[in-house]
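Taking it in order: structure first as structure tokens, then the write-up.
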Amino acid sequence: MAFVTPAAARPRADVPFGQVVRSGWQGPATVKQGSSFGRAATSERQLGHLLVGLFVAAVGASRLKRRRAKLEPWTDQSNMQFEAYYLQQGVCPAEEWQHFLDSLRTGLPIAVRVNLGSHVAAQLVEQLERLSSLRGDQLSALAPRKLPWFPRSLGWQWDELCGLDLRKDEQHERLRAYLAWLKDHGSLHRQEAVSMLPPLCLDVQPGQALLELCAAPGSKSQQIVDMLHWPQNSEQNVSPDAVSSGGLLPRGVLIANEVDSKRARVLSREVGRLCSPCFAMTCHDARYFPNLTDSDGSPFLFDRVLADVPCSCDGTLRKHAGIWDKWSVGSAMTLHPLQRKILCRGLALLKPGGRLVYSTCSFNPLEDEAVVVAALLRRHGGYKVTLVDLPHFEGLPAGCPGLQTWVVPHPKDAQVCWRTSAEVPEELRRRLLPSFFPPVAGSEEAAVWELQHSRCQRFLPHRTTGGGFFVAVFEKDVGLDVSHELSKVHDENDDVGPTNPGKQDEGLEGRASEGNDIFLGSSQQESVQQTVPGQSLRQVSDLEAVATDDSAWLEAAAFFGLDPGLACHLRRRQGQDTHPRQVLFWVSELAGRFLASRARCGGHVNSAGVRVLQQLGKSFLPGTPRWRVLQEGLPLLLQHGLKRRIAVSMSFMKRLLHARELEVSELHAGVEAGLLRGLESLMEDPSREELEEEPLRLIPGSLAVTLLPGDQSATPSAGPEVAVAAMLSGRSLTVFASVEEVASILYCLDLEARTTALYSSVEP
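Every letter in the sequence shown is one number past the one before it in full-length UniProt numbering, and letter 531, counting from 1, is 531.
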């Protein structure tokens with residue numbers, strides 16, 4: 001925001017700037033011009049405005065400089081400490097070192113992932129296939145490459161385009177708008193290719209409870225939620241045990257956790273585009289994510305956990321060029337204790353037999369191997385954990401195996417390094433924690449690490465034509481380990497939980513010096529939060545179950561033709577059973593169990609499920625049920641037998657969406673022209689005799705408008721239908737969806753034409 005000097009205090013244009021500063025031009029004075037007090041006061045006021053203006057200008061210049069640094073080419077970027085440190089660590093084979101550095105100085109290729117749950121997913125994959133076959137000097141830049149290792153042909157990458165090209169080159173303006181629209185609609189997501197690997201390593205199944213400890217900004221969360229729905233949205237046969245009895249709706253849930261409230265809002269918006277009942281978001285410090293107790297008193301544990309922890313991000317140099325100037329070894333040392341705590345907490349919350357994926361976008365062994373080995377050599381709730389090989393990804397270039405040994409640098413000089421903690425000078429031992437170092441050669445810990453280190457994988461940018469990433473997959477043993485424990489890397493304050501679990505620590509520097517771990521041994525079945533006196537178990541969410549005999553729900557079910565037994569999927573805010581505008585949320589089975597679970601620290605659930613129904617208030621359409629279907633929950637209701645629905649042709653749907661309101665007479669005309677079916681579902685008595693003898697008598701209220709079966713070309717055979725929520729009154733049919741939702745539907749209905757427009761104006 002620009003600083004504007006008040007008009008009364010501005011100098012005249014004919015007064016030189018230097019004279020204003022020296023003499024303090026007074027302007028229209030409110031005191032006697034000749035008085036010394038008036039001259040001094042005005043001079044101080046003017047000087048104050050000047051200083052504020054200079055400060056604002058300096059801030060603006062600094063921001064502009066940082067912005068330009070992001071947009072400038074990467075060819076001249078370098079950092080001698082970075083190069084010396086990683087060359088000594090051996091993260092890349094020596095013969096590939098120059099290729100490694102050269103790739104880091106080029107832009108990151110654009111990659112996208114198609115969401116299979118979108119109603120245009122099948123058509124979108126076809127359009128990407130069309131684009132991939134383009135040839136010619138100008139057209140080849142528009143041609144994406146299918147990522148062969150990503151399942152179901154859902155991953156694509158433009159090898160010749162980076163984000164800078166897409167933003168600044170006018171010839172890619174259409175492609176930029178094309179991808180932006182599809183992203184806003186939830187049909188695809190721009191995501192770095194190697195960032196898609198950790199969710200794939202989880203081996204997600206539709207009946208599992210999953211936890212992502214550090215979820216923002218939401219790319220991986222969205223991918224996991226989409227993977228939960230893959231069996232539902234494909235034509236493959238699905239085992240009845242893997243899905244709910246109500247159809248192919250997954251039983252599972254992803255709990256996406258993010259401690260920062262601003263980033264949590266971004267996360268909620270990204271995953272909310274999928275409109276999935278298998279999602280809930282919490283706001284906890286990942287190091288102290290609470291132990292949950294199920295409604296039957298047993299621990300609520302997770303089948304899969306993703307710990308994509310905060311890191312120094314030097315694997316993202318291809319898209320964040322500013323890291324070249326900021327990089328230092330000290331950031332990894334500060335983050336290591338935080339990463340270790342998050343990983344150990346995730347392993348404690350993991351079911352026996354479950355799987356945890358640890359990942360960073362950093363090359364640094366202090367953030368990668370050192371964190372992994374510290375967790376590997378511990379017992380988590382009395383259970384042993386082991387590393388397992390990553391799944392085989394056909395067509396993905398091989399990553400480098402994890403390092404067996406590494407060096408720890410001086411906090412301020414990357415060229416001074418030590419291999420063991422015993423070599424560290426006394427004055428640095430508090431800063432360089434023992435867990436920074438590899439296991440001592442010849443020890444039992446070193447033997448364990450020697451057998452398992454190669455199961456970690458470090459993906460390098462010059463091999464994958466993408467960014468850098470580190471991935472390790474843990475599995476928790478089924479049986480309790482009653483043998484002696486291996487040596488644990490910790491300091492004297494280990495096993496001590498926070499006195500106030502809901503409060504953040506003061507800073508990363510403090511955490512690095514303390515080096516506290518969360519270790520839950522077999523004797524510690526209670527949460528660290530339970531050490532706080534006077535705390536009792538409280539439900540984690542304010543959503544409560546809707547009873548099958550609830551009068552408000554029975555009214556809605558009867559009006560829309562829904563099975564009253566679907567109440568088992570519904571939740572509402574506590575105390576809203578008599579609220580005139582209450583909202584009903586649809587949640588999956590395990591999401592409902594999670595919402596009913598209890599914890600010592602109470603509830604930090606920000607959102608859960610999908611809004612499906614809302615009461616409209618007593619004054620709306622008197623004499624009719626006061627419920628409307630919500631656009632985001634419409635696909636769920638259609639899958640479960642919503643009766644109040646009409647089907648229209650493609651042309652009729654476009655006319656309705658553009659106009660947003662049509663007269664009832666136009667509906668009758670549509671029936672006669674064969675453009676509309678299903679009006680009988682809106683009648684009191686849909687008998688054939690009455691249809692022939694009298695005009696249709698339509699019941700006002702909310703309904704769904706879908707496409708006729710012959711016009712579902714934009715919809716995959718097993719995916720959701722194209723549909724829009726509408727409200728019928730005595731005179732008209734009105735669209736009840738936001739402007740953005742309507743625009744997205746219209747865009748996707750014309751997807752083929754918009755894809756063709758990308759290259760129709762480009763000369764081959």
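Glycine is no exception: its CB is placed at the ideal position from the N, C-alpha and C atoms. Predicted, not measured: the structure shown is a model, and the values here were computed from it.
Quiz item: Pick from His99, Leu376 and Arg458: whose alpha carbon is nearest that of Ala446?
Solution: Within the sequence shown, numbered from 1, the residue matching residue 446 stands at position 446. Per the C-alpha coordinates, the member of His99, Leu376 and Arg458 positioned closest to Ala446 is Leu376.
Quiz item: First and last residue of the alpha helix (DSSP H) that includes Phe82?
Solution: Position 82 of the sequence shown holds residue 82. Segment Met80 to Gln89, the alpha helix (DSSP H) holding Phe82.
Exercise. With distances taken Cα to Cα, identify the nearest neighbour of Cys568 among Gln89, Phe474, Leu350 and Ser588.
Key: Mapped onto the sequence shown, residue 568 falls at position 568. Comparing Cα positions, the closest option is Ser588.
Exercise. Return the CA-CA distance between Arg167 and Arg174, expressed in angstroms with no decimal places.
Key: Along the sequence shown, read from residue 1 onward, the residue named residue 167 stands at position 167. Along the sequence shown, read from residue 1 onward, the residue named residue 174 stands at position 174. Computed Cα separation, rounded: 11 Å.
Self-check item: From Leu433, His604 and Trp181, residue whose alpha carbon lies closest to that of Pro290
Solution: Position 290 of the sequence shown, counted from the first residue, corresponds to residue 290. If we check each option's Cα against that of Pro290, His604 comes out closest.
Exercise. Just mark Gln98 as buried or exposed, buried being the case when its beta carbon has 16 or more other beta carbons within 10 Å.
Key: The count along the sequence shown starts at 1 and reaches residue 98 at position 98. Gln98 comes out exposed.
Quiz prompt | Proximal residues to Arg345 (C-beta, below 8 Å), its chain only, five neighbours per side dropped | solution = Locating residue 345 in the sequence shown gives position 345, where the first residue counts as 1. Cβ within range, chain order: Leu213, Ala286, Arg287, Tyr288, Phe289 and Ile518.
Practice problem: State whether the stretch 452 to 470 contacts the stretch 94 to 111, with contact taken as three or more CB pairs (one from each stretch) at a distance under 8 Å. | Solution: yes
Quiz item: Can you tell which of Pro250, Trp158, Ser153 and Arg598 has the C-alpha that lies nearest to the C-alpha of Arg145?
Solution: Position 145 of the sequence shown, counting from 1, holds the residue named residue 145. Comparing Cα positions, the closest option is Trp158.
Quiz item: For Ser681, which option in Arg697, Gly674 and Ala673 has the closest C-alpha, if you only look at C-alpha atoms?
Solution: Counted from its first residue, the sequence shown places residue 681 at position 681. Considering only alpha carbons, the answer is Arg697.
Exercise. Pull up the CB-CB distance for Leu228 and Cys283, whole angstroms please, since I reckon it's below 8 Å.
Key: Against the sequence shown, residue 228 aligns to sequence position 228. Against the sequence shown, residue 283 aligns to sequence position 283. At roughly 22 Å, the Cβ-Cβ gap does not stay under 8 Å, so Leu228 and Cys283 are not in contact.
Quiz prompt | CB of Thr386 within 8 Å of CB of Glu444, strictly | solution = The residue given as residue 386 occupies position 386 in the sequence shown. The residue given as residue 444 occupies position 444 in the sequence shown. Against a cut-off of 8 Å, the Cβ pair of Glu444 and Thr386 comes out as no contact.
Exercise. Assign Thr756 to one of two classes, buried (16 or more other C-beta atoms within 10 Å of its C-beta) or exposed (fewer than that).
Key: By 1-based counting over the sequence shown, the position of residue 756 is 756. Per the 10 Å Cβ criterion, exposed.
Practice problem: Identify which residue in Ala723, His336 and Pro411 has its Cα closest to the Cα of Gln81. | Solution: Within the sequence shown, residue 81 is the residue found at index 81, counting from 1. Comparing Cα positions, the closest option is Pro411.
Quiz item: Opposite Trp158 in the DSSP bridges: which residues?
Solution: On the sequence shown, residue 158 is found 158 positions in, with the first residue counted as 1. DSSP, once it has assigned bridges, lists Ile110 as partnering Trp158.
Quiz item: What's the C-alpha gap between Ala57 and Pro93?
Solution: Taking the sequence shown and counting its residues from 1, the one referred to as residue 57 is at position 57. Taking the sequence shown and counting its residues from 1, the one referred to as residue 93 is at position 93. Taking the straight line from one Cα to the other gives about 47 Å.
Quiz item: Which value, in whole angstroms, describes the spacing of the CA atoms of Cys748 and Glu741?
Solution: By one-based count along the sequence shown, residue 748 stands at place 748. By one-based count along the sequence shown, residue 741 stands at place 741. Answer to the nearest angstrom: the Cα atoms are 11 Å apart.
Self-check item: Exposed unless 16 or more other CB atoms sit within 10 angstroms - verdict on Arg581
Solution: Stepping through the sequence shown from its first residue, residue 581 is reached at position 581. Its Cβ having fewer than 16 others within 10 Å, Arg581 is exposed.
Practice problem: Round the Cβ separation of Cys201 and Val471 to the nearest angstrom and send it over; I've been treating them as touching at under 8 Å. | Solution: Here residue 201 refers to the residue found at position 201 when the sequence shown is read from its first residue. Here residue 471 refers to the residue found at position 471 when the sequence shown is read from its first residue. Cβ-Cβ separation between Cys201 and Val471: approximately 6 Å, consistent with a contact (criterion under 8 Å).
Quiz item: Do you know offhand how far Val305's Cα is from Arg355's?
Solution: For the purposes of this step, residue 305 is taken as residue 305 along the sequence shown, with counting starting at 1. For the purposes of this step, residue 355 is taken as residue 355 along the sequence shown, with counting starting at 1. Val305 and Arg355 have their C-alpha atoms some 7 Å from each other.
Exercise. Give the secondary structure of residue 800 by DSSP, where H, G and I count as helix, E and B as strand, and everything else as coil.
Key: Residue 800 lies beyond the residue range present for the chain, which begins at 1 and ends at 764; the question has no answer from this structure.
Quiz item: Do you know how far the Cα of Val724 is from the Cα of Arg644?
Solution: Indexing the sequence shown from 1 puts residue 644 at position 644. Indexing the sequence shown from 1 puts residue 724 at position 724. Going by the C-alpha atoms only, they are around 12 Å apart.
Quiz item: So what's Gln46 in DSSP terms, helix, strand or just coil?
Solution: On the sequence shown, position 46 is the one that residue 46 refers to. In this structure, Gln46 counts as helix in the three-state DSSP scheme.
Practice problem: Count the other CB atoms, across all protein chains shown, that sit within 10 Å of the CB of Gln171; report buried if there are 16 or more and exposed otherwise. | Solution: Residue numbering aside, residue 171 sits at position 171 when the sequence shown is read from its first letter. Exposed.
Practice problem: Label Gly592 either buried or exposed according to how many other C-beta atoms from any shown protein chain fall within 10 Å of its C-beta, with 16 as the threshold for buried. | Solution: Residue 592 sits at position 592 when you count from the first residue of the sequence shown. So Gly592 counts as buried.
Exercise. Determine the DSSP secondary structure at Cys748, reduced to helix, strand or coil.
Key: Within the sequence shown, numbered from 1, the residue matching residue 748 stands at position 748. Helix, per DSSP.
Quiz item: Smallest Cα separation from Gly90: which of Asp260, Phe150, Arg458 and Leu338?
Solution: Here the question's residue 90 lines up with position 90 in the sequence shown. The residue with the shortest Cα to Cα distance from Gly90 is Arg458.
Quiz item: For Thr360, which of helix, strand or coil comes out of DSSP?
Solution: As a position in the sequence shown, residue 360 is number 360, starting the count at 1. Strand, per DSSP.
Self-check item: DSSP three-state assignment for Ser435, whether helix, strand or coil
Solution: Looking up residue 435 in the sequence shown gives position 435. The three-state secondary structure of Ser435, taken from DSSP, is helix.
Quiz item: Is Val253 closer than 8 Å to Phe594 when the C-beta atoms are compared?
Solution: One-based indexing of the sequence shown puts residue 594 at position 594. One-based indexing of the sequence shown puts residue 253 at position 253. Pairing Phe594 with Val253 gives a Cβ-Cβ distance under 8 Å.
Practice problem: Using the Cα positions of Leu733 and Ala608, report the straight-line distance between them to the nearest angstrom. | Solution: In the sequence shown, counting from the first residue as 1, residue 733 sits at position 733. In the sequence shown, counting from the first residue as 1, residue 608 sits at position 608. Distance between the alpha carbons of Leu733 and Ala608: 31 Å.
Exercise. Kindly indicate which residue of Ala141, Leu292, Leu188 and Trp156 has the alpha-carbon position closest to the one of Ser541.
Key: Taking the sequence shown and counting its residues from 1, the one referred to as residue 541 is at position 541. When each option's Cα is compared against that of Ser541, the closest is Leu292.
Self-check item: Cα-Cα separation, Arg430 to Cys417
Solution: In the sequence shown, the residue the question calls residue 430 occupies position 430. In the sequence shown, the residue the question calls residue 417 occupies position 417. Their Cα atoms are separated by approximately 16 Å.
Self-check item: the stretch 667 to 681 contacting the stretch 609 to 616, beta-carbon criterion three pairs below 8 Å
Solution: no
Quiz item: Buried or exposed: where does Lys384 fall if 16 or more other Cβ atoms within 10 Å of its Cβ makes it buried?
Solution: The residue labelled residue 384 in the question sits at position 384 within the sequence shown. By the neighbour-count rule (16 or more Cβ atoms within 10 Å), Lys384 is buried.
Self-check item: Cβ contact check for the stretch 181 to 191 and the stretch 324 to 332: 3 or more pairs under 8 Å
Solution: The stretch 181 to 191 vs the stretch 324 to 332: no contact.
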